[in-house]
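Residue numbers (this note's numbering), protein chains in the order written: chain A, 1 to 307; chain B, 1 to 307; chain C, 1 to 307; chain D, 1 to 307.
Number of protein chains: 4
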Amino acid sequence: MPTILGQNQYGKAENRVVKITRDGATHHIKDLNVSVALSGDMDEVHYSGSNANVLPTDTTKNTVYAFAKEYGIESAEQFGIHLARHFVTSQEPIHRARIRIEEYAWERIETSDANSRLIGADEVKHSFVRKGQETRLTQITYDGDKWEVVSGLKDLVVMNSTNSEFWGYVKDRYTTLKEAHDRILATQVSGRWRFNWSDDEQKMPNWEKSYEQTRQHMLQAFAETYSLSLQQTLYQMGARIINYRSEIDEVRFALPNKHHFLVDLEPFGLKNDNEVYFAADRPYGLIEATILRDGCEARIPVDLTNL
Amino acid sequence: MPTILGQNQYGKAENRVVKITRDGATHHIKDLNVSVALSGDMDEVHYSGSNANVLPTDTTKNTVYAFAKEYGIESAEQFGIHLARHFVTSQEPIHRARIRIEEYAWERIETSDANSRLIGADEVKHSFVRKGQETRLTQITYDGDKWEVVSGLKDLVVMNSTNSEFWGYVKDRYTTLKEAHDRILATQVSGRWRFNWSDDEQKMPNWEKSYEQTRQHMLQAFAETYSLSLQQTLYQMGARIINYRSEIDEVRFALPNKHHFLVDLEPFGLKNDNEVYFAADRPYGLIEATILRDGCEARIPVDLTNL
Amino acid sequence: MPTILGQNQYGKAENRVVKITRDGATHHIKDLNVSVALSGDMDEVHYSGSNANVLPTDTTKNTVYAFAKEYGIESAEQFGIHLARHFVTSQEPIHRARIRIEEYAWERIETSDANSRLIGADEVKHSFVRKGQETRLTQITYDGDKWEVVSGLKDLVVMNSTNSEFWGYVKDRYTTLKEAHDRILATQVSGRWRFNWSDDEQKMPNWEKSYEQTRQHMLQAFAETYSLSLQQTLYQMGARIINYRSEIDEVRFALPNKHHFLVDLEPFGLKNDNEVYFAADRPYGLIEATILRDGCEARIPVDLTNL
Amino acid sequence: MPTILGQNQYGKAENRVVKITRDGATHHIKDLNVSVALSGDMDEVHYSGSNANVLPTDTTKNTVYAFAKEYGIESAEQFGIHLARHFVTSQEPIHRARIRIEEYAWERIETSDANSRLIGADEVKHSFVRKGQETRLTQITYDGDKWEVVSGLKDLVVMNSTNSEFWGYVKDRYTTLKEAHDRILATQVSGRWRFNWSDDEQKMPNWEKSYEQTRQHMLQAFAETYSLSLQQTLYQMGARIINYRSEIDEVRFALPNKHHFLVDLEPFGLKNDNEVYFAADRPYGLIEATILRDGCEARIPVDLTNL
């Protein structure tokens, strides 16, 4: 036979599960989008269509919902670990499970202000509003022996309105760009960070605290870096995480340079003193890099931050 | 000629303008998406292609950027009023201007925590992160005499995890729905509210404060209403605004009922005690209504909340 | 009570129904997205939450699927008429039904070429590939007496690479645009046309043939008009439809001017003889107008073409 | 220093270039979206912000437009090869260039029918309508020595309305799915295929013909495979390409199983004889696999088909 099967995987993608936990009148919410991808002894289903080794994708969906009840959702990472372990250990033909999860954040609607008290409302503990623009992400991979956890976020839009320059670059026949000594630097962060936890024997990180701290370090590095290039800012964001979060060995970012062009107001007899900008959509610069703890291996794929 | 021209308008849509105001080291940001639509003596450009009465859409774009410098952007509403007045009063063939604006909110990146102080960072006053999911909206219409201002928001996602029921409805041959006495109520609010300010002689509302207060009343009414139907919740949200905000005479909402279905876990020997839900995309219920101050005229078009 | 209820409607939106009709081995497909909006005696559900007059949106969804079986789907328009009539005539509190339908086109996968015959494949009559970019649309409104049918399409992208000019326009202080005597004219057509069929006594149009012919007239008018402005092209597109299709009395278009800017290649020592263009996203000109059969009333709302 | 730089790349993404070629009155169009990613000696720009080795992303954008003039656009692949070679050979610090291109297809608007002849229109040769739903893709990678060309497409939606079954699968505690012996099989194809052309000494494939033939083989394999699982169909699609197109050594697909669920019409006293389906959005099965020419190495990354 002249053709052979290479890497393959299957599962149910984008299972939207919402878990409400009631602590008396106070409700808590976890809102996830869970995608399952399983690999193993799957040659026959490709070659002959025999499903004898195939756990249906519908079953992987059911498992997501059942596990939300059986294990609860302490964190996206912990939930993914339960799922991955289950598929690999319970089904002999399945040798590897990869669980990808998006998490949507909610915050409480404040109802205890003077105004609502006037109308006699009690404090409401079951009302929520979707929070923030970014989506929290995690990817759990398990092969029956080792774990790989890569968490991160996407769609976090940030801007520095000053403290950014760009000059001293290569000029060739096609270069027309003017050097800039005070520009807006804006980007929509897509970042992933890989944990060094890989073994059931190791102590598991506190996934929730790790996320909050990592996000904060990243934002502060963005804000506090006087930038001569977006590459420099990116590196600082990654290095700050590596330096402050010992549970993380590798970080990768894809940072689109969301260009804000100073509008030429001279034709109208006006001076634009870094005040009025045109926010462009396309094209955009795209800066991508991995930052590693020295001595660690790079394992985050190049395009993971573009998914 | 058997065909005639009816209502028509033209202009440049989606002008993305970002205005930075520097107050010493502290920067302020306004981030708008401005769309201009002009009407007037425009028969000839349609019939013969003569552009003698046509101010180019490119010029309307330039005007947006120039006005950001000349007038600043105090609020989206105030900025739209400057633009609409300009087009109608400066161009004889233009009889009516409609300015639609989307506004994107930003908040400061906090850099003054203990951690950043330890590394010696000063407080940063020019770094921002995009805030919230909703987009603030306004539409200014001016005919040279009267103003109409309709503001609002879209994509504000809210959820009550309890205090919602649905029963006692009509049942016909095609009804299979089971009555619910404790369900999740979630929606993605698209709302518009019309101000009674219509004349340069009247005192103009404080647009920024009005928006903040209106949004808060709306959220609190959502949270505090024990709901027997999404229609009831919608009405309460509108009535709360009318009752508390004297500058607003009319409110319209389009509220998609973002269904969260309780997952049947019985096949797995599990009981789902209002804990695990499937968040469905389509189809969704869509509830739309106008709420008016008694005696006022309805002027918000039916589909404005669906744009 | 200081607040009152204005226009309101409700129903299930975006019911995705696919109907397969088997004619022996040959299958036919209709692929629709159906949205139902009902109005009538609905004050109580808003004021008190009483659902006594409310047919659940879940029932309106079931009705869509049941009617696909009971009536088949001869055309989107005919299907919408069945649904609208049913809701208004079978439920006393419902006085008006509006059915909006999107239709997705499919074409057969060709399998009868020499290549597939060589490998012994029979002709396959049940395999389809989604066709075209545009979405066909219709909106049926029924009040128990009169019908209004507005059909159309959206997302049909067209381009003339020449035969378009733009000059002779108004110039004010903010005008910098250079006149153009040979430019690309490109747009993404959103069009709606209203039929004069309004009564069960009248002969119903052939909806399928009407759509095909109307689309073709519109495309040909776009291609054959030497354009001095997009407004002129728009008017010709509408007038062509009115002139050739007697079943249609009113047409409305929203035509974004998808700008293709000639790239300045002079800095690189190259001449750009109308060859290389930058296709811009935003901002875009937006040209909107209604064209009417003389003597007919305009009834298509201004923003229907922006939904 | 505890952190080091790993894989990194940069460039301008999503340069939208439209090239018109005039052959007398007959125009031809190429419509591309070009993304450039460059790698090489880029440590310093990350560590210190020195741009001494950095060709600005703005220059890479300019190069795309200039090359459209200098070389024309014979095919997306050929255009990408020109660009990649230029960046690697003209800039010493750049060691590797990756060019990703999306191509949008257009077809001519037919104007030569009887109807348009009646109104005296000549045949129009410069009017186009965007064709099809799928986007053609290519990725060119060059390291100064070897070439890698991976082409493909995304968003091609196909359906078989019969000749698909799914049964004989594994059943565990969470399995509730019923076996199906006649179901709809629908998917939105994302496919990539790698050419064995890798060296300037080799004869280059005919890129345009290769794409047309590969797409056709893929569609026919989809249509002609009696399917016991989507994996089997996927494998047949890939194997057909490998067997018929000697220039291709590796194929990868990501095929979402776009579920069409048979609607239960029994509550309404109706029988659903494989006629009425609900087209679901999420979740969906996701089937991914690589098919290789025997003896060839797998080089298409796992997630390339998910970009």
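Just so it is clear, CB atoms sit at the ideal spot from N, CA and C, and this is done for glycine as well.
- Under the three-state reduction of DSSP, Arg-100/C is assigned to strand.
- Assignment of beta-bridge partners to Pro-256/B by DSSP yields Leu-286/B.
- For the region 164 to 191 of chain D, the beta-carbon criterion of a distance under 8 angstroms to any beta-carbon of chain B is satisfied by Arg-173, Tyr-174 and Thr-176.
- Put simply, of Ala-289/C, Phe-195/C, Lys-271/C and Pro-93/C the residue whose alpha carbon is nearest the alpha carbon of Asn-8/B is Ala-289/C.
- In the structure shown, the three-state DSSP call for Tyr-235/C is helix.
- In terms of CA proximity to Leu-307/B, Leu-153/B leads the group Lys-209/B, Phe-278/B and Leu-153/B.
- Trp-207/A sits buried, since 16 or more C-beta atoms from the chains shown fall within 10 Å of its C-beta.
- Nearest neighbour of Met-218/A by Cα position, chosen from Ser-39/A, Thr-26/A and Gly-238/A, turns out to be Gly-238/A.
- When Cβ pairs closer than 8 angstroms are counted between the two stretches, the region 91 to 111 of chain B is seen to touch the region 132 to 146 of chain B, the count reaching three or more.
- DSSP, read as helix, strand or coil, puts Tyr-244/A in helix.
- The beta carbon of Ala-52/C does not come within 8 angstroms of any beta carbon belonging to chain D, so the residue lies off that interface.
- Annotation: the continuous alpha helix (DSSP H) that includes Asn-62/D extends over 57 to 70.
- Nearest Cα to Asp-155/C within the set Gln-188/C, Thr-162/C and Tyr-142/C: Gln-188/C.
- Contact annotation: Thr-59/C and Thr-175/B have beta-carbon atoms nearer than 8 angstroms.
- In the three-state reduction of the DSSP assignment, Tyr-211/C falls in the helix class, which pools H, G and I.
- In this structure, His-86/D sits near Thr-63/D, with a CB-CB distance shorter than 8 angstroms.
- For the region 5 to 60 of chain B, the full-length beta strand (DSSP E) segments reaching 3 residues or more read 15 to 23 and 26 to 40 along the chain.
- Taking a cut-off of 8 angstroms on C-beta distances, the region 25 to 42 of chain B does not touch the region 239 to 258 of chain C, as fewer than three cross pairs fall below it.
- Ranking Val-45/C, Ile-94/C and Val-149/C by CA distance to the CA of Ile-101/C puts Val-149/C first.
- Distance from the CA of Pro-301/D to the CA of Val-88/A, rounded to the nearest whole angstrom, comes to 23 angstroms.
- When secondary structure is reduced to three states using DSSP, Val-88/A falls in the helix class.
- Contact between His-260/D and Val-18/C is confirmed by a C-beta separation of about 6 angstroms, below the 8 angstroms threshold.
- Under the three-state reduction of DSSP, Leu-307/B is assigned to coil, being neither helix nor strand.
- Residues of the same chain with a CB within less than 8 angstroms of the CB of Tyr-47/A, apart from the 5 flanking positions on each side, are Leu-5 in chain order.
- Chain B places no beta carbon closer than 8 angstroms to that of Asn-8/A, leaving this residue out of the contacts.
- Here Asn-160/A is bridged, per DSSP, to Leu-185/A and Ser-127/B.
- Taking every protein chain shown into account, the CB of His-126/C has 16 or more other CB atoms within 10 angstroms, so this residue is buried.
- Distances from the CA of Asn-15/C to each of Glu-103/C, Val-45/C, Ile-81/C and Gly-269/C were compared; the closest alpha carbon is that of Glu-103/C.
- The alpha carbon of Glu-275/A has as its nearest neighbour, out of Val-45/B, Tyr-65/B, Ala-37/B and Asn-160/B, the alpha carbon of Tyr-65/B.
- For Leu-255/A, same chain residues with a beta-carbon under 7 angstroms away, outside a window of 5 residues either side, are Thr-187, Val-189, Leu-230, Leu-234 and Ile-287 in chain order.
- Residues of chain C whose Cβ lies closer than 7 angstroms to the Cβ of Pro-267/A are, in chain order, Thr-176.
- Assigned with DSSP and collapsed to three states, Ile-291/B falls in strand.
- In terms of Cα proximity to Asp-200/D, the closest of Asp-281/D, Lys-146/D and Lys-61/D is Lys-146/D.
- Taking the C-beta atoms as reference points, Glu-77/B is found nearer than 8 angstroms to Ile-140/B.
- Within the model, the alpha-carbon separation for Tyr-71/B versus Gly-269/A is close to 14 angstroms.
- Against chain B, a Cβ distance below 7 angstroms from Lys-69/A picks out Leu-265, Leu-270, Asn-272, Glu-275 and Val-276.
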